[in-house]
Amino acid sequence: MIHKTSWIWDDRFLRHNTGKIQYVFEGGETVEPCDEFENKHRMNVIKEMIEKSGLVHHLVRQSPYEASDEDLLRVHTKNHIGHVQKACEAETREVGPEAYASAETEGIARLSAGAVMKAVDTVMESETISKVYAQIRPPGHHASSDQAMGFCFYNNVAVGAAYAIEHYGLKRVAILDWDVHHGNGTQDIFYERDDVLVISIHEEDYFPLESGQVYEIGQGKGEGYNVNIPVPSLTGDEGYQYVFESIIAPVISQFEPELIIISAGQDANALDPISRLMVTREGFKYMANKVRELAETYCEGRLIVAQEGGYNLAYLPIATMGVIEGLTGVDVNWKDPHVLPHRTTPTALFQAVDNVVNYQKRFWKFAEKESFC
Ligand SMILES: [Zn+2]
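Take 23 as the starting number for the sequence shown in my numbering and just add one per residue.
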């Protein structure tokens, strides 16, 4: 079987307008220094990079469809959907904490969630395509069942995972969230379920401050199926590789998923304005390659990469190029012009990994400590 890769995109994603960052002072004086971090330019630069780097010739273009009420209701409350609809109709800017919208946002958020459903249809039904890069916005991983938050309205990957389970009868779906921020919404939605494994690697004690700790392991029959990996600043490519080998690959291997979905925020990149994790194109390529291998081993190659964050307009397209290179197995013959610090694995990371292992070893087998230090 030929494992082709699909690229899902729609120009309507550009119509969701988050406006400008605003600093409002007493008396109403306002400073608007620049566009919000999550803006349409992010999508334009990724798209241009895919088209002009030649990657486009290795991808099959697909269009998304909108998620219906029924689709959203698999993971969101009726109240939440009603709130997002009404707030957008009324042109309320902040629909939830730091979730900025415009009049058209609700429909586009449905398209973003529907894109992951389209990706599920593709990997489940296509004879030739087993991998998908869904270039979507708004992102989704901070949206819980009943709240919009942090640029997210509907939880795209959760809508997709729930659809794969209900519509296609899958028993085990793994979601790996490598966005630099904790995927709190996804955790919240699947916290008591054992059919969706949620793994989030993120910068420790960052956003949201109240979640993402190692001791949040799931509840009830979901115990052990929520794995948080908070990592220290400057973790870098080697550090991510260490985490993949020590935790992510062994846990996914034992779970034996039938589908892997990535919450792919490339905001752990070395030049991102809102993170300090120093991952380069090579690091993202490594991660995508690794999950592709896992998908080929456990789920006939079925792998969906759904865009989440990533905010430096110069480096986001390069980091995402690394992801698509890993996903397709195609190397773009082009040298990254940025000189980035080469990080060695910090000692604090060993401690961070030990902490995760200590909380999860009841549920999963890990290699003996000596072998991964
Ligand atoms: Zn993020």
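Cβ coordinates follow ideal geometry from the N, Cα and C atoms, glycine included.
Here the structure is a predicted model, which is why all the values come from computation and not from measurement.
Which residues in the same chain have their Cβ closer than 7 Å to the Cβ of residue i, if we skip the five residues on either side of it in sequence?
{"i": "residue 254", "result": "226, 368, 370, 371, 374"}
{"i": "residue 177", "result": "97, 162, 163, 165, 207, 208, 211"}
{"i": "residue 34", "result": "130, 133"}
{"i": "residue 116", "result": "122"}
{"i": "residue 86", "result": "30, 32, 133, 136, 137, 140"}
{"i": "residue 88", "result": "129, 132, 133, 136"}
{"i": "residue 237", "result": "381"}
{"i": "residue 334", "result": "291, 293, 294, 295"}
How should residue i be labelled, buried or exposed, when 16 other C-beta atoms within 10 angstroms of its C-beta is the threshold for buried?
{"i": "residue 336", "result": "exposed"}
{"i": "residue 364", "result": "exposed"}
{"i": "residue 388", "result": "buried"}
{"i": "residue 44", "result": "exposed"}
{"i": "residue 184", "result": "buried"}
{"i": "residue 49", "result": "exposed"}
{"i": "residue 383", "result": "exposed"}
{"i": "residue 92", "result": "exposed"}
{"i": "residue 112", "result": "exposed"}
{"i": "residue 127", "result": "buried"}
{"i": "residue 60", "result": "buried"}
{"i": "residue 160", "result": "buried"}
{"i": "residue 319", "result": "exposed"}
Which same chain residues end up closer than 6 Å to residue i when comparing Cβ atoms and leaving out the 5 residues on each side of it in sequence?
{"i": "residue 209", "result": "220, 248"}
{"i": "residue 231", "result": "none"}
{"i": "residue 339", "result": "67, 68, 71"}
{"i": "residue 291", "result": "301, 337, 341"}
{"i": "residue 124", "result": "39"}
{"i": "residue 80", "result": "350, 352"}
Out of the options, state which residue places its alpha-carbon closest to the alpha-carbon of residue i.
{"i": "residue 54", "options": "60, 41, 64", "result": "41"}
{"i": "residue 58", "options": "120, 106, 180, 74", "result": "120"}
{"i": "residue 173", "options": "38, 359, 310", "result": "38"}
{"i": "residue 218", "options": "193, 204, 234", "result": "193"}
{"i": "residue 301", "options": "47, 259, 195", "result": "259"}
{"i": "residue 103", "options": "167, 311, 354, 79", "result": "167"}
{"i": "residue 153", "options": "270, 256, 51, 321", "result": "321"}
{"i": "residue 146", "options": "191, 360, 107", "result": "191"}
{"i": "residue 240", "options": "215, 256, 251, 233", "result": "215"}
{"i": "residue 287", "options": "100, 77, 196, 203", "result": "203"}
{"i": "residue 361", "options": "323, 293, 347", "result": "293"}
{"i": "residue 257", "options": "175, 297, 105, 235", "result": "297"}
Starting from the C-beta of residue i, find all residues in its chain whose C-beta is less than 8 Å away, skip the five residues before and the five after it, and write them out in chain order.
{"i": "residue 263", "result": "305, 308"}
{"i": "residue 95", "result": "103"}
Below 8 Å on the Cβ atoms is my contact criterion, and I expect residue i with residue j to pass it. Report the Cβ-Cβ distance as a whole number of Å.
{"i": "residue 356", "j": "residue 155", "result": "Actually they do not touch by this definition, with Cβ atoms about 18 Å apart."}
{"i": "residue 282", "j": "residue 349", "result": "Between residue 349 and residue 282 the Cβ distance is about 11 Å, and since that is not below 8 Å, they are no contact."}
{"i": "residue 275", "j": "residue 200", "result": "Not quite, the Cβ-Cβ distance comes to about 17 Å (not below 8 Å), so this is no contact."}
{"i": "residue 271", "j": "residue 316", "result": "7 Å"}
{"i": "residue 186", "j": "residue 195", "result": "6 Å"}
{"i": "residue 410", "j": "residue 205", "result": "Nothing about residue 410 can be read from this structure; the chain reaches only from 23 to 395."}
| Listed by chain order, which residues have C-beta atoms less than 7 Å from any heavy atom of ligand 1? | With the cut-off at 7 Å, the residues found are 201, 202, 203, 287, 289, 330, 331.
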